[in-house]
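**Student:**
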Amino acid sequence: MNTQSFVKKILFLAGLAAAMLLLTPRVGLAQTGVFNLSTAPTLVANTGVSELLGQVTLTADSVCGTAADGFCKSGAGTLQVLYINTPINPSCTVCETVSMVSTCNAPGTYLTGSVTVTNTFSGGVVSFGVKAGVDFAAGDQISISGIYGRIYQSPGYIPGTSLIAQMTVSPSTIAAFVPTSQVVAISFTNQSAITSISGNSQSATVGMPLAQPFVVGVTAPMGSPAAGVLVTFAVISGGGSLSATEVVTGADGQASSILTVGPVTGFNRVSASSPGIPGSPVLFTAAGVLILSLDSGNNQTALVGAPLASALTVRASGAINEPVPGIPIDFEVTSGGGSFSTPAHTTTNGQGVASVSLTLGLIPGTTTVKASSPNAPASVITFTATAIQSQPTPSISSGGIVNGASFLPATDPNGKVTPGGIVSVSGSDLGAAAVVASTLPLPTTLGDTSVTFNGIVSPLFFVSPGQVYIQLPFSVPTGEATVVVRRGDTPSAPQVIQLASVSPGIFTLDGAGTGRGAILHTETLQPVTETNPAHPEEVLIIYCTGLGKLRTGVDSGTPSPSPPPETVETPMVTIAGIPAEVLFSGLAAGYVGLYEVKVTVPAGVPAGTQNLRIVMADVPSNTVTVAVQ
917 MNTQSFVKKI LFLAGLAAAM LLLTPRVGLA QTGVFNLSTA PTLVANTGVS ELLGQVTLTA
977 DSVCGTAADG FCKSGAGTLQ VLYINTPINP SCTVCETVSM VSTCNAPGTY LTGSVTVTNT
1037 FSGGVVSFGV KAGVDFAAGD QISISGIYGR IYQSPGYIPG TSLIAQMTVS PSTIAAFVPT
1097 SQVVAISFTN QSAITSISGN SQSATVGMPL AQPFVVGVTA PMGSPAAGVL VTFAVISGGG
1157 SLSATEVVTG ADGQASSILT VGPVTGFNRV SASSPGIPGS PVLFTAAGVL ILSLDSGNNQ
1217 TALVGAPLAS ALTVRASGAI NEPVPGIPID FEVTSGGGSF STPAHTTTNG QGVASVSLTL
1277 GLIPGTTTVK ASSPNAPASV ITFTATAIQS QPTPSISSGG IVNGASFLPA TDPNGKVTPG
1337 GIVSVSGSDL GAAAVVASTL PLPTTLGDTS VTFNGIVSPL FFVSPGQVYI QLPFSVPTGE
1397 ATVVVRRGDT PSAPQVIQLA SVSPGIFTLD GAGTGRGAIL HTETLQPVTE TNPAHPEEVL
1457 IIYCTGLGKL RTGVDSGTPS PSPPPETVET PMVTIAGIPA EVLFSGLAAG YVGLYEVKVT
1517 VPAGVPAGTQ NLRIVMADVP SNTVTVAVQ
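Sequential numbering of the sequence shown, starting at 917, is according to the numbering used here.
#1: Which partner residues does Gly1524 have in the DSSP bridge list?
#2: How about the region 1437 to 1456 and the region 1354 to 1361: do they share at least three Cβ pairs that are nearer than 8 Å?
#3: Would you call Met1532 buried or exposed, if buried means 16 or more other Cβ atoms sit within 10 Å of its Cβ?
#4: What residue range does the beta strand (DSSP E) around Ala1203 cover?
#5: What do you reckon, are the CB atoms on Val1132 and Val1147 nearer than 7 Å?
#6: Which whole-angstrom value is the C-beta distance of Val1198 and Ser1187, which I expect to be below 8 Å?
#7: Quick one: is Ser1209 buried, meaning 16 or more other Cβ sit within 10 Å of its Cβ, or exposed?
#8: Where Ala1136 and Thr1121 are concerned, what is the direct C-alpha to C-alpha distance, given to the nearest angstrom?
#9: Please determine, among Gly1154, Val1163, Phe1149 and Gln1170, the residue with the shortest C-alpha to C-alpha distance to Ala1109.
#10: Taking just the CA atoms, how far does Phe1149 sit from Gln1082?
#11: Below 8 Å on the Cβ atoms is my guess for Ser1417 versus Thr1334; work out the distance and round it to an integer in Å.
#12: Below 6 Å CB to CB, which residues in the same chain sit around Ser1344 once its five sequence neighbours on both sides are set aside?
#13: In three-state DSSP terms, what is Ser1289?
#14: If you check the beta carbons only, do Val1230 and Ile1297 fall under 7 Å apart?
#15: Where does Asn1538 fall in DSSP's three states?
#16: Verify whether the separation of the beta carbon atoms of Pro1381 and Gly1347 is less than 7 Å.
#17: Go through its chain and collect everything with a Cβ distance to Thr1258's Cβ below 7 Å, but skip five positions before and after it.
#18: Specify, as a first and last residue, the run of the beta strand (DSSP E) that Met1488 falls within.
#19: Compute the Euclidean distance between the alpha carbons of Pro1222 and Val1341, then round it to the nearest angstrom.
#20: Find the nearest neighbour of Glu1485 within the set Arg1529, Asp1534, Ser1306 and Ser1119, judged by alpha-carbon distance.
#21: Please go through the region 1233 to 1277 and give each complete beta strand (DSSP E) segment of 3 or more residues, from N-terminal end onward.
#22: Does the Cβ-Cβ distance between Leu1175 and Gly1156 come in under 7 Å?
#23: Could you check the C-alpha separation between Leu1376 and Tyr1385 for me, to the nearest Å?
#24: Can you round the beta-carbon distance between Pro1325 and Gln1305 to whole angstroms, since I take them to be within the 8 Å contact cut?
#25: Using beta-carbon positions only, say whether Pro1487 and Ile1530 come within less than 7 Å of one another.
#26: Would Thr1284 and Thr1250 qualify as a contact pair, given that the criterion is a beta-carbon distance under 7 Å?
#27: Give the secondary structure of Val1517 by DSSP, where H, G and I count as helix, E and B as strand, and everything else as coil.
#28: Report the three-state DSSP secondary structure of Glu1482 (helix, strand or coil).
#29: Just curious, the beta strand (DSSP E) that Pro1495 is in, first and last residue?
#30: Short of 7 Å in beta carbon distance, which residues of its chain neighbour Pro1241, apart from the five on each side in sequence? Order them along the chain.
#31: Strictly by DSSP, which residues pair up with Gln1387?
#32: How big is the Cα-Cα spacing for Ser1472 and Met1124?
#33: With a cut-off of 8 Å on the beta carbons, I'd call Thr1461 and Gly1337 a contact; round off their distance for me.
#34: Which residue from Leu1466, Glu1453 and Leu1510 puts its Cα closest to that of Pro1475?
#35: In angstroms with no decimal places, state the Cα-to-Cα distance between Val1498 and Phe1423.
#36: Just to confirm my understanding: we take Gly1395, look at its own chain, exclude 5 residues before and 5 after, and list those with CB closer than 8 Å. What are they?
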């Protein structure tokens, strides 16, 4: 045994263990004497492997019952009385139990344990021990107040219960008393301990359980797991709740409980304690997360006394950016006047969104609205809106009508926009605020904005003060077209452009019509990138717009069915200048105005970043790049 991990202190106590009584018969009056076999040792160790050992050696006259009494005093925990020489068949009473195990509920309680032997023989030895249970904490002690011997001349036995044992002889002579020394206690350098195993410093959405439990481990002094130890978990702050508050360690010495964090953002603190064990209490922390963000409706403009075109919308997100429903949101007008036409106190819906509709005040200027939640006191969202005396007139920029993928202007010979395709219109005062369509089929008005081509309203993807995304209706004929943007009843100056039957444009990842194309691997539907390149003879999907008429008609603003319709014209595709086989050209199923072309990468395409282009009816698209290996 390694002394560095073991022996801290060894007590050699005289007088405990073998003591011999030599009794010589005499004629005379019976007498009573007091006989103390030993002094009281102190058990320094506080572990379940430390024992106090004692022995009483019987004499030739000890043909009747013999009793040895041990008086124990403990700080806390469990005591167990052990009997070494079991053939003697002793009986035991400890704190009036017969299970040989007793719990001292209060420090300083005296326990009386007796060992009784019957029908023994000369020279027999009664050996016993007192052992501390594993639930003894550092600093607790066991004291033996006395080990005493008693000999009775009469048959049978009388359990010893007195503090000072009496010895009755008829007559008797104490011929000898031989004290000896023996190791009675070992104190280990290692101590019992409770420590954190796992689960600290997690985060979860407010009101939700943590992904992992808080786990503590309790070890015995030698480092082995301590089973059967009661651990109490308690919420200190944060308002959370626990799956269990009182847990007994298992065979692995571990106890655990899962915290559901409180309803308000901030730290939750939990303690795990087992009184008397070093390291107790163990403290855990977890963060309750709720993120409020401005979703839409900011920076709108409307006439004084008029409602805003779009609602003011707040989004509540959790620890993994998931929508959080049921969060109370309070909207308040803090400056500029105005009123809400929907309840100012609301809760987030299933998408984590809460909104309010604002009608501006009667005085021109800026109106400020704040949104907050008692569940996230530190988060305040601020909206601003502008009240004006008259409606601004929208204006389309010169050359501001472009292919929505290539961004070539409609005035460019290769940039003419096409019925059925996606078109971008840029300018000023085109919309009151940024608004994204949330329904299908696409609406023809977003906020107070609409766009017409030759008087035919266009389905709208997106509206903002500086840009509008539309689908050019299939029903608009090719040739000259007059484009007008309206804000309510206020139209922009018209802009005249030429519409083409086809005008291919390839979408790019930078959203500007240049660089890496929006191209996917057919098998995995993952983007083709430098780290995930295309391979010769692999089939790719190219996303584009402006490929013109379809063999089967689809209503404007409506998603393409599945299987999707094919284009009337078949495009040509080149990769690194090498023609690629076109397997399909048509709409992308489930999308509005989005086309796709499926091609096979030619076998002769060299490795590296290569140019890719579509040509349709002699009209080329923008040139994009694709990585090939």
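Virtual Cβ for every residue (Gly too), placed ideally from N, Cα, C. Keep in mind it's a predicted model, so treat the numbers as computed, not measured.
**Tutor:** Reading from the atomic positions:
#1: DSSP lists Val1544 as the bridge partner or partners of Gly1524.
#2: Cβ pair count under 8 Å is below three, so no.
#3: Answer is buried; the Cβ neighbour count reaches 16.
#4: Where Ala1203 is concerned, the enclosing beta strand (DSSP E) starts and stops at Val1198 to Val1205.
#5: Yes, they are a contact pair.
#6: The beta carbons of Val1198 and Ser1187 sit about 7 Å from each other, so the pair counts as a contact at 8 Å.
#7: Answer is exposed; the Cβ neighbour count stays below 16.
#8: Ala1136 and Thr1121: Cα-Cα distance of roughly 37 Å.
#9: If we check each option's Cα against that of Ala1109, Gln1170 comes out closest.
#10: Summary for Gln1082: the model assigns pLDDT 25, below 50, so the residue's position carries little reliability, and this model does not support an answer.
#11: Ser1417 to Thr1334, Cβ: 7 Å. Contact.
#12: Here the set comprises Ser1311.
#13: Looking at Ser1289 - three-state DSSP - the assignment turns out to be coil, as it is neither helix nor strand.
#14: Going by C-beta atoms, Val1230 is nearer than 7 Å to Ile1297.
#15: Correct three-state label for Asn1538: coil.
#16: Judged by their CB atoms, Pro1381 and Gly1347 are nearer to each other than the 7 Å cut-off.
#17: Closer than 7 Å at Cβ, skipping near neighbours: Val1272 and Ser1273.
#18: From DSSP, the beta strand (DSSP E) with Met1488 extends over Met1488 to Ile1491.
#19: Pro is not the amino acid found at residue 1222; the sequence shown has Ala there. In a straight line, the C-alpha of Ala1222 is about 26 Å away from that of Val1341.
#20: Among Arg1529, Asp1534, Ser1306 and Ser1119, the Cα nearest to that of Glu1485 is on Asp1534.
#21: Listed in chain order, they are 1244 to 1251, 1261 to 1263 and 1269 to 1272.
#22: In this structure, Gly1156 lies closer than 7 Å to Leu1175 by Cβ.
#23: Here the alpha carbons of Tyr1385 and Leu1376 stand approximately 6 Å from one another.
#24: Wrong, their Cβ atoms sit about 35 Å apart, outside the cutoff.
#25: The answer is yes: Cβ separation under 7 Å.
#26: The criterion of a C-beta distance shorter than 7 Å is satisfied by Thr1284 and Thr1250.
#27: DSSP places Val1517 in coil when its eight states are reduced to three.
#28: Here DSSP, grouped into helix, strand and coil, assigns Glu1482 to strand.
#29: Ile1494 to Leu1503 is the extent of the beta strand (DSSP E) around Pro1495.
#30: Cβ neighbours of Pro1241 beyond the five flanking positions: Thr1264, Asn1265, Gly1266 and Gly1268.
#31: Bridge partners of Gln1387: Ile1338.
#32: Computed Cα separation, rounded: 44 Å.
#33: 4 Å between Cβ atoms; contact.
#34: The shortest C-alpha separation from Pro1475 is found at Leu1510.
#35: Cα-Cα distance, rounded: 18 Å.
#36: Gln1414 and Leu1415, listed in sequence order.
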